[in-house]
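Novice: This is the structure, below, for whatever I ask next.
Residue numbers (the working numbering): 334 to 455.
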């Protein structure tokens, strides 16, 4: 199956979802269902069309924050869809807390116009 994400790839989602996340939920076929929506959400919240700009910014030093943010949001969906692989609900909730913190921190950084300038290489 194709990896539909523009700046969020399945390998990144799987890594952030963790080894205990359900294998079916973190398979490319499952994550492709929401990866583009997650990227659109990031684009909308930051008011920047990162997906369109990706071809020119993907090699910049700051572009990894987009990948991490998209992967964190998708990993949250993976965990929320099926927590059965985790040793306890507490473990899954702790992963969700961590991923939420990553997302909130990164979104605050991405909203900063200086970050946009840095990622764009100006």
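Beta carbons are placed, not taken as given, at the ideal position from N, Cα and C, and that holds for glycine.
For residue 449, which of 421, 415 and 394 has the nearest alpha-carbon?
Specialist: Residue mapping note: residue 449 aligns to position 116 of the chain shown, counting from 1. Out of 421, 415 and 394, 394 has the C-alpha closest to the C-alpha of residue 449.
Novice: For residue 353, collect the residues of the same chain with a Cβ closer than 6 Å to its Cβ; drop the 5 residues on either side in sequence, then sort them by chain order.
Specialist: Position 20 of the chain shown, counting from 1, holds the residue named residue 353. Around residue 353: 418 and 419.
Novice: One question on the structure: do residue 382 and residue 406 come within less than 8 Å of each other, judged by their Cβ atoms?
Specialist: Start at 1 with the first residue of the chain shown, and residue 382 comes out as number 49. Start at 1 with the first residue of the chain shown, and residue 406 comes out as number 73. Result no, Cβ atoms of residue 382 and residue 406 do not sit closer than 8 Å.
Novice: Could you work out which residue in 426, 444, 347 and 365 is closest to residue 399 when comparing CA atoms only?
Specialist: Position 66 of the chain shown holds residue 399. The shortest Cα separation from residue 399 among 426, 444, 347 and 365 belongs to 444.
Novice: Pull up the CB-CB distance for residue 357 and residue 363, whole angstroms please, since I reckon it's below 8 Å.
Specialist: For the purposes of this step, residue 357 is taken as residue 24 along the chain shown, with counting starting at 1. For the purposes of this step, residue 363 is taken as residue 30 along the chain shown, with counting starting at 1. With a Cβ gap of about 6 Å, residue 357 and residue 363 count as contacting.
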